[in-house]
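Trainee: Protein chains in written order, with the working numbering: chain B, 1 to 115; chain C, 1001 to 1110.
(1) Go to residue 88 of chain B, then tell me how far its beta strand (DSSP E) extends in each direction, as first and last residue.
(2) Kindly list, in the order they appear in chain C, the residues whose Cβ is closer than 7 Å to that of residue 28 of chain B.
(3) For residue 113 of chain B, which residues in the same chain have their Cβ closer than 8 Å to its Cβ, ignoring the five residues on either side in sequence?
(4) Counting only Cβ-Cβ distances shorter than 7 Å, please list the residues of the segment 27 to 47 of chain B near chain C, keeping chain order.
(5) Counting only the same chain and skipping the five closest in sequence on each side, list residues whose C-beta sits under 7 Å from that of residue 1060 of chain C.
(6) Just to confirm my understanding: we take residue 1105 of chain C, look at its own chain, exclude 5 residues before and 5 after, and list those with CB closer than 6 Å. What are they?
(7) Within 8 Å (strictly less), CB to CB, does residue 87 of chain B reach chain C?
(8) With a threshold of 7 Å (Cβ to nearest heavy atom), would residue 102 of chain B be considered close to the ligand FMN?
(9) Is it right to say residue 105 of chain B is buried, meaning 16 or more other beta carbons lie within 10 angstroms of its own, or is it exposed?
(10) Could you check if residue 107 of chain B is buried or exposed, using at least 16 other CB atoms within 10 Å of its CB as the buried criterion?
(11) Distance cutoff 8 Å, beta carbons only. Does residue 1105 of chain C sit that close to anything in chain B?
(12) Closer than 8 Å by C-beta to residue 1001 of chain C: which residues in its own chain qualify, once you throw out the five before and the five after it? Chain order, please.
(13) How would you list, in chain order, the residues of chain C whose beta-carbon sits under 9 Å from the beta-carbon of residue 91 of chain B?
(14) Do the CB positions of residue 17 of chain B and residue 109 of chain B come within less than 8 Å of each other?
(15) Can you pull out the residues from the segment 1060 to 1087 of chain C whose beta carbon lies closer than 9 Å to at least one beta carbon of chain B?
(16) Using a Cβ-Cβ cut-off of 7 Å (strictly less than) and excluding sequence neighbours within five positions of residue 1012 of chain C, which residues of its own chain qualify?
(17) Which residues in chain B have a C-beta closer than 7 Å to the C-beta of residue 1102 of chain C? List them in chain order.
(18) Mark residue 1081 of chain C as exposed unless 16 or more other C-beta atoms lie within 10 angstroms of its C-beta, in which case mark it buried.
(19) Could you work out which residue in B/8, B/81, B/19, B/27 is closest to residue 62 of chain B when comparing CA atoms only?
(20) Is the beta carbon of residue 1050 of chain C less than 8 Å from the beta carbon of residue 1032 of chain C?
(21) Please confirm whether residue 24 of chain B has its beta-carbon closer than 8 Å to some beta-carbon of chain C.
(22) Would you mind telling me which residues of chain B sit closer than 7 Å to residue 1034 of chain C, beta carbon to beta carbon, in chain order?
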């Protein structure tokens, strides 16, 4: 089975530009999560989709971040306009069950650098 | 607030030595605890979860509710164990997100 796929693997953009990250979950996984690790800090929750609906977006830092999951398949996370503090690694994960007591399957992450 | 604390950012041991990666959590209910690992140039992956009481790659972790700890242990470290280890907590109230610790980098020296 194909794993969770994230694209791009790396992105370097200038402050003020827009970047869109993409995540393709494992086929059949209704639950999709976005997490972020800022340099030297813990991995923090951003939001959780169940199919195309946002179940929990309490971790989104501000309104410069917009996540979508049209059709309940892949998801995009757009940062517009990007700021220096947005730099970090953005992880996507998916799971079959809504409560991840079996753990997540993670993508390889997108390393975002804002200069 | 729920929190996961990994007090050591870096842990360096010799091959064959025992290793213990510490994890403490704060949560008043009954959480699910996990250890995730990220090897060099690989993706973050689940190592083990407390509900299954399993041993993976020689690692075990026991949930101690009295001490609110979930330390990861291995009696004899191997060089291939060198990686970043994250302790994580999930709970079924207030949403289904997972809370991660800051991670401990384990370096096993030859």
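Glycine included, each C-beta is placed from N, C-alpha and C at the ideal position.
Mentor: Let's see:
(1) 88 to 95
(2) What residue 28 of chain B touches in chain C: nothing, since even the nearest Cβ is about 18 Å away.
(3) 10, 11, 12, 13, 87
(4) 41, 42, 43, 45
(5) Excluding its 5 nearest sequence neighbours in each direction, residue 1060 of chain C has C-beta neighbours in its own chain below 7 Å: 1073, listed in chain order.
(6) Cβ within range, chain order: 1010, 1084.
(7) no
(8) The ligand FMN is absent from the structure shown, which contains no ligand whatsoever.
(9) Residue 105 of chain B is buried by the Cβ-count criterion.
(10) buried
(11) no
(12) Answer for residue 1001 of chain C: 1026, listed in chain order.
(13) 1043, 1044
(14) no
(15) 1086
(16) 1107, 1109
(17) 41, 42
(18) buried
(19) Checked all of B/8, B/81, B/19, B/27; the closest Cα to residue 62 of chain B is B/81.
(20) Yes. Within cutoff.
(21) Chain C, which has no Cβ nearer than 8 Å to the Cβ of residue 24 of chain B, makes this no.
(22) 103
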